[in-house]
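K.L.:
Here it is, the structure, as structure tokens.
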Amino acid sequence: MAGRALRVLPAKHQPPLPADKLLVREPLDPEAVPMDVVFVGGGPAGLAGAIELTRLVRADQEAGGTLGEIQIAVLEKASALGEHSLSGAITNPVAFRELFPDLTDSDFPFRAPVKEERVYFMAGGRAQRIPTPPTMQNHGFYIASLSEMVRWLGEKAESMGVNIFTGFPVQSLVMDGEKVIGVRTTPSGLSRDGTPGSGFTPPTDISARVTVLSEGTRGPLSQAWMNAAGIKSDNPQIFALGVKEIWETKKPLDAIIHTLGWPLPNDAFGGSFMYPLTPNLVALGIVVGMDYQQTTLDVHVLLQQLKTSPLFSEYLAGGEMVEWGAKTIPEGGYHGLPKKRYGDGLMIVGDAAGFVEVASLKGVHYAMQSGMYAARAIVDALKKDDVSENTMARYDALVDASYITSDLKERRNMRLAFQGSGLYVGGFKATLMTLTKGAFPGGKIDSEPDAHVERDVVPAEGFVPDGKLTFSKLDANFKSGNATRDDIPSHLIVGQDIPAEVAELYVHMCPAGVYELDRDRLVVSPANCIDCKATDVIGPRWTPREGESGPKYRLM
Amino acid sequence: MGAQRVKIAVCIKRVPDMDVRFKIAGDGASLDETGVKFDLNDFDAWAVEAALQIKDKAGQGEVVAISLGPTQVQETIRKALSMGADRGVHLQADRIPFDGFSIASALATELKDGGYDLIFFGKLSPDSSNGVTGPMVAEILGLPCVTAISKLDISDGRGTAKRELEGAQEIVEFPLPAVLTIDEGLNTARYPSLKGIMAAKKKPLEIKPATLNTPQVTIEKLELPQDRAAGRIVGEGSAAVPELIRLLQTEAKVL
Amino acid sequence: MANIFAFAEARGGELRKVALENVTAARKLADATGGEVHALLVGGPGIASKAEQLGQHGADVVLVCEHDGFTQYNPEATTAVAAERMQSGGYRAAVFSTSAQGRDLAPRIAARLGVGLVTDVTAVELNGDKVVVKHPMNIGKVMATVSMSGTPALVALRPNTYAPAQNAKAGRVENVAPIGDPSTARVVVKELIQGGKGKLDLAEAPVIVAGGRGLKAAENFKLVEELADAFGNAAVGATRAVTDDGWRPHSDQIGQTGRLVSPELYIAVGISGAVQHLAGMRTSKTIVAINKDKDAPIFKVADYGIVGDVFEIVPALTAAVREARKGH
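Residue numbers (this note's numbering), protein chains in the order written: chain F, 730 to 1285; chain R, 10 to 264; chain B, 11 to 338.
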């Protein structure tokens, strides 16, 4: 066709989140289960928060304080802790050390210390070794599995008396005016049409003096609450999508590897990683900013292509993929942080608040640390018997005075240097930023939400998986442990009259194969969803669904 | 009417999640449990549900969840308590033997003087996959036993059950007390509610050592079956049918 | 020289196929040591006429317990007579089937005798003073080799594992009296309800033909039924999508939350191979897939595949199977 290429603006087709369902202003059920503090989400932030809170309460009791018994609950949507946790991961042990001062690094759930690291620039499948950029130096850190870290934290929390409820997603914050007074869990056993089926269990209300949102990336409750409270950030939050696999390999891997460049197009931000959990158990993945420029860019397919390059295939050949998964990562950094992460009876911690440092790919220790600060502020509030935002504000003060904020501030423009600048110019700018510790370029680089970024409609690249090294989304989904019942009602809110090229965007955006194009019609298979939240960023909106749905990661 | 107090024991087992790739442990005769998730056996969950429904209908009674095995089985007993069982008994044993008769003997010793009106088992557990414990316990205790029940009605000290056979069904009558094993289709097990989970933490869980006899059945070796060889497309359309028939006859030998 | 006991399972006055499987397996064991096979046949009046078949498949002796009280399956009275015979008979091993009846009966006898029992056995042999069996565990994902001490060792075979083989022996009938009065048994089978249309159960059928969405409409399931019929020993299965839409009852559903099946031959018609369905039939011995989409995941799992229009291929296959099975 003549003239400009067809472009898609995802925001045009995205419905809003159902705020009236996520924030419910009505009295709690008189039978509500009474708790003092509820953590929504059993990831590193929520669990570290619950552990720290328990410790502080215990210390208060032992010192003859006035707190008394404090009931703490962690609500997790997966059927077991760790099943929805996914990260690289190279972890900075600082938060573990602070949370467990009596333990040593060898007690912590890490797999191995980082020894050698290698960074490559890829062009057309060939790898060129480049010096490790200073932001990516991982000496002193540990290779770890987030699923394993979360299970370990969970065991510690449970042994300390924290009530952990798995299989209980939260669908609403219950509010009294502007005060958050508790949460409501999702029902289960609904038929495909949304009516109660066999095994129907209605929602449960839980009352709480303080609710901590540790929902993780792109949490719907956090979004809805911040919108309603009018909380802004300097820049909108932006996201990357990471797709990850775990392989048992014949050839041992002796170093952590990062790559830039191919197979990402030059106008996309991201890179890949490959880490040895053990020399023959390797975690690898690719991370791509969701402001990518082509409607048919497919991160899962990019990962499959990446594996065909000799740098990767030499390790993977003859091996076996044992797990597959995906997750989005908030990449807005310092300027993307909400200006206020607390309210009457509420705090937001971890990825839900955006505490991720992109350049070094770190988020776990920030998540844990933020959970611990929340716990400290909560103890003060409980002692004063005042959970209004004036006392909750202490949480932000603790975070702002900490390394969380100073780290993010130092690297604040790193990611944004790439938005619109492409790989080479962006890379140059990023290097300057590092060398000047963030002084250059000063000020703030503006960004737009990913859904507001227009993409070119281009035909999809053909991709035929070989079933040995490369896999279809369906096969991959099987390896995520996803066994969601086929007849589950859809939790995804799709816009009206989705044109074919937008449907194509969804088809390629979703790593799990939830969306398909049948002739020109969008077909949604909600049971395939693995809760990565990519859809919520530029496609149909994600809402909480029945507990125990989604993936069952073991080693992610 | 006439609420009668009913006492029901449910014998439950903790089994690994079947959706994983299993690994054989170093001794070659057991499974490597690292990273494997365990839960209450589905058949046992239906058995717990059956017991709870009978107690609910009777209006008053007691459901006791009993499990034999290492410390971790207490988690499984707590799950039954979360569903609504009243108390639990953990028969402590370092390992769950493979020999059904060993397990049955130990359970029978515990159940003997319990005064139970009904003793429920799941039809089988998918890990050891034997399905013998229930009827063996019944035999040791000299109690009537009905297995593989898909429909159940208890009233006035007697019961009627439907049993699933291959392409047929039996209607069976029996007196109480009795041992029953539960099959799929009898009910849908209730999920523990949040309240139920909280309440379970306070319910009594008695721990005692299991009295195990010497097993006569032992696993010598465990192996993982071979992966399937790659298949092939034989052809397109009905023209491929003769070749398929030939392969099924000569190669696969199934026709 | 070891004598082997075999239980000749009957229902409704007829021998079940597994009875012949049990005798065949017992014959193999007995032959290994030069021993005899003694089959126990329990049933209502007239059951004795079935003894001959047992002799033809290798029974040296057929113990017949014929009594009114056994017109329906009588677990307690059958346990009593079987246990008594096995105790006095000095058998090395006793072969049952892992059928519904076998699962009900064998454990009672084992417990009464205080011996071990392994069910769902796919291979059995005598090894020194032990009986060694193969037993699939963990939904077929793990295979156990199990040794059994104590005599008799009770094994319950997986149906369809030992094909009945003619091997005529004396089949000398010995009448055996029930122990006590069978009508005083506490557990009473009041009624036997035969399944509709004499359909084969998915768990037992050596061949399963399953249909999926590719058949487009409920009435097209006829094609699947006809192909199953052509085999003569096939059951019909369905995918979750199809049972959800009400084309087939839920008891036909094969898949993770439906039935797990492991037939000799599994034919998937118009099934793309969704994850949950594959979990249900992956362990079938031979898998054939017919689908119009050559990239359908089912072809990864299938041993043989035909790409094309199911409405054209299945009738052709049905005719070819009928032809191939003529004279079976």
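Beta carbons are placed, not taken as given, at the ideal position from N, Cα and C, and that holds for glycine.
Does I21/R have its Cβ less than 7 Å from a Cβ in chain B?
P.N.:
no
K.L.:
Measuring only between beta-carbons, confirm whether G37/R sits less than 7 Å from chain B.
P.N.:
no
K.L.:
Do the CB positions of P1218/F and L875/F come within less than 7 Å of each other?
P.N.:
no
K.L.:
Establish whether the CB of K336/B and some CB of chain F are separated by less than 7 Å.
P.N.:
no
K.L.:
Using C-beta distances below 6 Å, list every residue in its chain close to V823/F, excluding the 5 sequence neighbours before and after it, in chain order.
P.N.:
H1094
K.L.:
If the cut is a Cβ gap below 7 Å, which residues of chain F does R21/B touch?
P.N.:
By Cβ distance, chain F contributes nothing, its closest Cβ being about 32 Å from R21/B, past 7 Å.
K.L.:
One question on the structure: do V183/B and V155/R come within less than 7 Å of each other, judged by their Cβ atoms?
P.N.:
no
K.L.:
At what residues does the alpha helix (DSSP H) containing R255/R begin and finish?
P.N.:
250-259
K.L.:
Take every Cβ of the stretch 1253-1270 of chain F, pair it with every Cβ of the stretch 133-145 of chain R, and state whether three or more of those distances are shorter than 8 Å.
P.N.:
no
K.L.:
Can you list, in chain order, the residues of its chain with a C-beta nearer than 7 Å to that of G150/B? Leave out the 5 residues immediately preceding and following it.
P.N.:
Its chain contains S272, T293 as the residues whose beta carbon lies nearer than 7 Å to that of G150/B, once the 5 sequence neighbours on both sides are disregarded; these appear in chain order.
K.L.:
Looking at the structure shown, is F870/F part of a helix, part of a strand, or coil, going by DSSP?
P.N.:
coil
K.L.:
Inspect the CB distances between the stretch 1023-1032 of chain F and the stretch 1178-1192 of chain F and report whether three or more fall short of 8 Å.
P.N.:
yes
K.L.:
Can you name the start and end residues of the alpha helix (DSSP H) that Q1225/F belongs to?
P.N.:
That residue, Q1225/F, is in no alpha helix (DSSP H); it is neither H nor E in DSSP.
K.L.:
Hey, would you say R1184/F sits closer than 7 Å to Q1033/F, going by beta carbons?
P.N.:
no
K.L.:
CA-CA distance, K27/B and S1042/F?
P.N.:
53 Å
K.L.:
Which whole runs of the beta strand (DSSP E) in the stretch 115-143 of chain R are 3 residues long or more, in chain order?
P.N.:
DSSP runs (the beta strand (DSSP E)) wholly in the stretch 115-143 of chain R: 127-131.
K.L.:
So is E755/F buried or exposed if we call it buried at 16+ other beta carbons inside 10 Å?
P.N.:
Exposed is the call here.
K.L.:
With DSSP collapsed to three states, give me the class of V146/R.
P.N.:
helix
K.L.:
Quick one: is A1130/F buried, meaning 16 or more other Cβ sit within 10 Å of its Cβ, or exposed?
P.N.:
Result: exposed.
K.L.:
Could you pull the start and end residues of the alpha helix (DSSP H) that T1120/F belongs to?
P.N.:
1118-1129
K.L.:
Would you say P117/B lies against chain R (beta-carbon separation less than 7 Å)?
P.N.:
yes
K.L.:
What residues in the stretch 222-251 of chain R bring their beta carbon closer than 8 Å to a beta carbon of chain B?
P.N.:
Residues passing the 8 Å Cβ filter: P224, Q225, V226, T227, I228, E229, K230, L231, E232, L233, P234, R237, A238, G240, R241, I242, V243, G244, E245, G246, S247, A249, V250, P251.
K.L.:
Between V57/R and F183/R, what straight-line distance do the alpha-carbon atoms span, to the nearest angstrom?
P.N.:
Approximately 20 Å between the Cα atoms of the pair.
K.L.:
Taking 7 Å as the CB-CB limit, is Q204/B close to chain R?
P.N.:
yes
K.L.:
Name, in chain order, the residues that DSSP records as bridge partners for P25/R.
P.N.:
F47/R
K.L.:
If contact is defined by three or more beta carbon pairs under 8 Å, each pair taking one atom from either stretch, is the stretch 973-982 of chain F in contact with the stretch 1037-1053 of chain F?
P.N.:
yes
K.L.:
Give me the chain F residues within the contact set of R250/B, using Cβ-Cβ distance strictly less than 7 Å, ordered along the chain.
P.N.:
Below the 7 Å Cβ cutoff, chain F contributes D1215 as neighbours of R250/B, in chain order.
K.L.:
Show which residues of chain F have a CB atom less than 8 Å away from the CB atom of K226/B.
P.N.:
Those within 8 Å of K226/B in chain F number zero; the least Cβ separation is about 14 Å.
K.L.:
Evaluate S835/F with the Cβ neighbour count: other Cβ atoms within 10 Å of its Cβ, from every protein chain shown; 16 or more gives buried, anything less gives exposed.
P.N.:
exposed
K.L.:
Which residues, taken in chain order from the stretch 307-325 of chain B, show a beta carbon closer than 7 Å to some beta carbon of chain F?
P.N.:
P307, K310
K.L.:
Does the stretch 31-41 of chain R touch the stretch 896-911 of chain F, meaning 3 or more C-beta pairs lie closer than 8 Å?
P.N.:
no
K.L.:
Whose C-beta lies closer than 6 Å to the C-beta of V52/B among residues of the same chain, with five residues either side of it excluded?
P.N.:
C75, F80, T88
K.L.:
Could you please tell me which residues of the stretch 151-170 of chain B, in chain order, have their CB closer than 7 Å to any CB of chain R?
P.N.:
K151, V152, M153, A154, T155, V156, S157, M158, S159, G160
K.L.:
With DSSP as the reference, identify every bridge partner of C1261/F, one or two as the case may be.
P.N.:
In DSSP, C1261/F forms no bridge with anything.
K.L.:
With DSSP collapsed to three states, give me the class of M730/F.
P.N.:
The predicted model places M730/F with a pLDDT of 45, which falls under 50 and marks its position as unreliable; any figure quoted below should be read in that light. Residue state, collapsed to three classes: coil.
K.L.:
Would K307/R count as contacting chain F if we go by Cβ distances under 7 Å?
P.N.:
This structure leaves residue 307/R out entirely; chain R is present only between 10 and 264.
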